[in-house]
Amino acid sequence: MRAWYAGGSATAMLGGADARAEDVRRARAALGTPARYPNSAAARARRERRTKTRKEARRMKAGRDGDGDAARGLDDASLGMLAPDAVPEYEAHAFKVPVGTVEKTAEELNKMEGYGYDERGELVGDAWRREWRRAQDEIIRESLMEERHQSRVRHHPSHVQPALGFHPHAGLGASHHHHHHRRGEKKASGKKAKSDDGDSSKLGSKVEPLKTPVYIMSMGDKPVRNPDPVLGRTDSERTEHLLKELVREYGTAAIKSYVRLTPGVDVSDWPHEEDTMHFALKSIMKNKPTGTQLATLPWLSFYTSRDKEGHFSDKFAKERNLYTHIGCLFGHMFQWQLAADANDKHAFMLESDAFDPSIVGMPFKDMQTLADNAPKEYDIIFFDQPRDMTFDEAPEHKFKDAGGSEIYLFRLKSKSTQGGLSASLVSRSFYPKLFKHLSHFGGDIVDSMLKSQLCTDSMVDATGKFTGFGAGNKPWLKCYWALPAKKGRESHGKFVYNNY
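Numbering (this note's numbering), first residue to last: 623 to 1122.
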């Protein structure tokens, strides 16, 4: 190579206009076009291949508009995509956990762990039991205070001195006695009013401790990649473990009302379950720019690159074994679309393995407390378990969990290499932002797309307008990470979480 371009300019190295004639001749020879036999069969075949390649390149360039894609059969209609108004509609309540499944879990907790039922026949969980204990402790504390007060009254000089033959000043004694008597009456009337309003010790009289929708993605009876006899060999077994933990914490009434089981996506199932895919892509099809075809959007195009029978056939994805990652992206898109259509103000998004303490960093008992204390303008809050993370700044928000321990909310500003999206809380503002990004730029491995790009890469200006990847002054999404304070340690102003 050095002898080739000796004395030539940089443009000559790139094949520019001032390339020497000798350089051009040698370059042509290297490309397999001998000047001596320009009409040989081999030379003609090479020319035909080049011509075909150039035509294909021109067609690809033309494919940026709808007509070009239609000419190549890459338009949405040719690839079997439905118009937004033809997409099947789903409602969140249709994905509620079957009542029989919840009751079976309740029976097991009742028999094996002694969990009780309220007057409605619903099993009460730990969250309610903690509230019940607090109410009982309050009653006991008030009773003890009343006993102490009565003891002081009995031993007051106005009662003791007459028995010893002393007679205190009548006005002072009466005043003291009246004061203590009125204070006792106040306490008694307060207790009576509380009793009239409703005795908090009665089972089922408290408001349900969970009031935020929970979406759990499950692949059903499909075997998991790393089967475990304890955690589960199939996704449905893992989902049962997760449901049991939720019932144990929040009771059956809350689970029946707020928990939904959503379908995961397995690309090897295509062309089956096409309605799931069309629903997951509904907002993308509705919001993508005019002339943009799904086949041109990264990762979303994996669905349009199926073979004639509708089977997954993308060579790029197969070579890199992206099956699970593609299904994970589309499965979460289905969850997000369902929650968006339900107009959920807050919604928890869980994967079937979210019951594993090594995967989830914040206990289930703190889920509703997290939703109640979420920052006003957040988009997504992760609460999966950090493996090796350092937050450079102090937490932006703090709150007490159900047991009085402190929870930190860190603003996610640095790119996270942590894989997984097992547990998160999203707000109503999350859905349109996420779908807008996907419909303009396509997708990626979902956890990486969120934690290393949309949450941390500066790409919009102060008004929220997209200015380019790395060219803005703030990220696309406002993201946080919720973690118990006691699980981390502070070092030189930084907060380190290393939970390997």
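Note that beta-carbon positions come from the ideal geometry of N, C-alpha and C, so glycine has one too.
{"Check": "Straight-line Cα distance separating residue 907 from residue 743", "Outcome": "45 Å"}
{"Check": "Own chain, CB closer than 6 Å to residue 872, minus 5 neighbours either side, in chain order", "Outcome": "747, 749, 831, 832"}
{"Check": "Residue span of the alpha helix (DSSP H) that contains residue 1035, given as start and end", "Outcome": "Premise fails: residue 1035 is in no alpha helix (DSSP H) and is neither H nor E."}
{"Check": "Pick from 1066, 881, 1026 that is closest to residue 598, judged by C-alpha positions", "Outcome": "Residue 598 lies beyond the residue range present for the chain, which begins at 623 and ends at 1122; the question has no answer from this structure."}
{"Check": "Inter-residue CB distance, residue 969 and residue 961 (contact presumed, cutoff 8 Å)", "Outcome": "4 Å"}
{"Check": "Spatially closest choice to residue 964 from 837, 725, 878, by CA coordinates", "Outcome": "837"}
{"Check": "Length-filtered (4 minimum) alpha helix (DSSP H) runs lying within the region 723 to 783", "Outcome": "748 to 776"}
{"Check": "Exposure of residue 1025, with buried meaning 16 or more beta-carbon neighbours within 10 Å", "Outcome": "exposed"}
{"Check": "Buried versus exposed, by CB contacts within 10 Å (16 or more), residue 841", "Outcome": "buried"}
{"Check": "Counted within 10 angstroms of its Cβ, other Cβ atoms place residue 861 as buried (16 or more) or exposed", "Outcome": "buried"}
{"Check": "Three-state secondary structure assigned by DSSP to residue 624", "Outcome": "Note that residue 624 scores a pLDDT of 40, beneath 50, so its modelled location is shaky and nothing firm can be said."}
{"Check": "Cβ neighbours of residue 1123 in the same chain (closer than 7 Å, five flanking residues each side left out)", "Outcome": "Outside the shown range of the chain (623 to 1122) lies residue 1123, about which nothing can therefore be said."}
{"Check": "Contained beta strand (DSSP E) runs [length at least 3] in the region 946 to 975, N- to C-terminal order", "Outcome": "968 to 973"}
{"Check": "When 934, 936, 995 are compared against residue 1031, the one with the closest alpha-carbon", "Outcome": "995"}
{"Check": "Residues sharing a beta bridge with residue 1103, DSSP", "Outcome": "1004, 1032"}
{"Check": "Extent of the continuous beta strand (DSSP E) run through residue 863", "Outcome": "No beta strand (DSSP E) holds residue 863; the alpha helix (DSSP H) holding it covers 857 to 880."}
{"Check": "Residue 1068 classed as buried or exposed, judged by whether at least 16 other C-beta atoms fall within 10 angstroms", "Outcome": "buried"}
{"Check": "Cβ neighbour criterion (16 or more within 10 Å) applied to residue 1022", "Outcome": "exposed"}
{"Check": "Distance, residue 863 Cα to residue 958 Cα", "Outcome": "23 Å"}
{"Check": "Exposure label - residue 1081; buried when at least 16 CB within 10 Å", "Outcome": "buried"}
{"Check": "Selected residue, minimal CA-CA separation from residue 1042, among 1006, 1090, 933", "Outcome": "1006"}
{"Check": "Beta-carbon proximity list for residue 823, same chain, < 8 Å, skipping 5 on both sides", "Outcome": "In this predicted model, residue 823 has a pLDDT of only 34, less than 50, meaning its place in the structure is not dependable; the value taken from the coordinates is given anyway. Result list for residue 823: 754, 757, 758, 761, in chain order."}
{"Check": "Nearest-angstrom Cα separation, counted from residue 982 out to residue 912", "Outcome": "41 Å"}
{"Check": "Exposure label - residue 686; buried when at least 16 CB within 10 Å", "Outcome": "Below a pLDDT of 50, predicted positions are generally treated as unreliable, and residue 686, at 42, falls in that range; the measurement from the model is reported next regardless. With fewer than 16 Cβ atoms within 10 Å of its Cβ, residue 686 is classed as exposed."}
{"Check": "Cα-Cα separation between residue 1091 and residue 1079, rounded to whole angstroms", "Outcome": "7 Å"}
{"Check": "Buried versus exposed, by CB contacts within 10 Å (16 or more), residue 942", "Outcome": "exposed"}
{"Check": "Presumed contact (8 Å Cβ cut-off) between residue 856 and residue 724, rounded CB distance", "Outcome": "With a Cβ gap of about 19 Å, residue 856 and residue 724 do not count as contacting."}
{"Check": "Sufficient close CB pairs (3 or more, under 8 Å) joining the region 881 to 895 to the region 929 to 944", "Outcome": "yes"}
{"Check": "Terminal residues of the beta strand (DSSP E) in which residue 1020 lies", "Outcome": "1019 to 1022"}
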